[in-house]
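Each remark here refers to the structure printed beneath this line.
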Amino acid sequence: MALYPLASPGMVLVINNLLLSVPYMTRLEHKEGSFRALWILLFIYGLLPGMAYVVLVAVLVSLHHSLQGSLVWTVSEGFSVFAVALSVASVLQEEEEHGQVQDHMLLGAIRVPGRAVPALILVFYFFLAPNTSILLHLCAALAGYLYATHRLPSVLLPIDESIRQQEEEGWLQKIAGTRRYVRADGSGPYLPIHSTAPLPPYAFSTAPSPSAPPSTTPSAVRAFPGEGNRLGDQ
């Protein structure tokens with residue numbers, strides 16, 4: 687049941703789903719590690735919304751038998767549940783970490799306010815993807831909200847220490863040794879793009895040189911305080 691998001695009715699929708707969800711998936715893997723990201727996708731954003739949807743449909747059909755045809759035969763369209771859940775969680779986590787949500791590029795071409803992205807994705811699937819379930823997507827949005835706000839029971843998430851132990855000595859050791867795998871401690875194929883250390887102040891020389899025109903070029907250039915590897919060193 688956790689693999690139902692892999693099904694898709696057409697190639698056009700597959701491309702749209704990939705454009706919407708893959709950037710979020712990459713960010714999730716970079717932050718949580720490969721194994722934990724896969725667990726979150728399949729069980730938190732896949733299995734839990736699916737189970738909640740089945741329960742809701744069963745309750746609604748038992749109360750109103752006329753809804754059986756319209757509810758039972760509406761499903762998710764491929765990665766649509768992932769796109770909805772990841773967009774909701776991403777907005778909430780970005781606001782928690784940075785205090786604001788930056789504008790996003792929808793489908794890589796349309797700039798929209800960050801807070802509006804989850805609602806736009808829901809509207810996209812509701813109006814432009816026929817036979818999709820608004821209930822299932824709302825369940826996925828709820829799963830993203832519960833995960834981002836740390837309201838899920840801890841038993842539903844793998845323990846980081848256990849993942850590290852398996853990556854070093856257990857059944858994940860061979861997979862963790864591959865170049866594309868991101869470990870739970872954050873080591874992996876991604877190059878650092880910023881440093882959390884404060885940048886040192888630059889010293890500007892204000893005294894004019896007798897033989898050269900005044901310049902605002904820093905008199906001392908200090909090295910970037912972060913850590914990283916050059917591509918040619920590996």
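For my numbering, add 686 to where a residue sits in the sequence shown, where the first one is 1.
Virtual Cβ for every residue (Gly too), placed ideally from N, Cα, C.
Provide the residue(s) that pair with residue i in DSSP beta bridges, ordered along the chain.
{"i": "H790", "result": "V798"}
Here's the rule I'm using: 16 or more other beta-carbon atoms within 10 Å means buried, otherwise exposed. How should residue i be labelled?
{"i": "E847", "result": "exposed"}
{"i": "F813", "result": "exposed"}
{"i": "E854", "result": "exposed"}
{"i": "H790", "result": "buried"}
{"i": "V741", "result": "exposed"}
{"i": "W857", "result": "exposed"}
{"i": "L749", "result": "exposed"}
{"i": "V809", "result": "exposed"}
{"i": "R722", "result": "buried"}
{"i": "A795", "result": "exposed"}
Nearest by alpha-carbon distance to residue i: which of the options is it?
{"i": "A744", "options": "S840, L821, T864", "result": "L821"}
{"i": "Q783", "options": "L806, A827, H823, K717", "result": "Note on residue identity: the sequence assigns Glu, not Gln, to residue 783. Selected option, being the one with the closest Cα: K717."}
{"i": "I807", "options": "S773, C825, R850", "result": "S773"}
{"i": "L842", "options": "K860, M697, I726", "result": "I726"}
{"i": "A827", "options": "Y811, L704, M697", "result": "Y811"}
{"i": "C825", "options": "S720, L704, V698, M737", "result": "M737"}
{"i": "P844", "options": "L724, A815, G785", "result": "L724"}
Apart from the five residues on each side of it in sequence, which residues of its chain come closer than 8 Å, Cβ to Cβ, to residue i?
{"i": "R713", "result": "S776"}
Can you list, in chain order, the residues of its chain with a C-beta nearer than 7 Å to that of residue i? Leave out the 5 residues immediately preceding and following it.
{"i": "A862", "result": "E853, R869"}
{"i": "A829", "result": "I730, Y731, L734, P735, A771"}
{"i": "Y831", "result": "V774, L778"}
{"i": "S707", "result": "F765, F768, A769, L772"}
{"i": "P799", "result": "D789"}
In chain order, what residues of the same chain lie with their CB nearer than 6 Å to the CB of residue i, ignoring the 5 residues before and after it?
{"i": "E780", "result": "V787"}
{"i": "N702", "result": "none"}
{"i": "A834", "result": "A775, L778, Q779"}
message: As an exercise, report each continuous alpha helix (DSSP H) stretch of at least 4 residues that is fully enclosed by the segment 792-853, in chain order.
response: Scanning the segment 792-853 from its first residue to its last, the whole alpha helix (DSSP H) runs of 4-plus residues come out as 803-814, 820-834.
query: Can you give, in chain order, each stretch of the beta strand (DSSP E) that sits fully within the segment 695-719 and has at least 3 residues?
result: Those beta strand (DSSP E) runs which fall completely within the segment 695-719 and span 3+ residues do not exist here.
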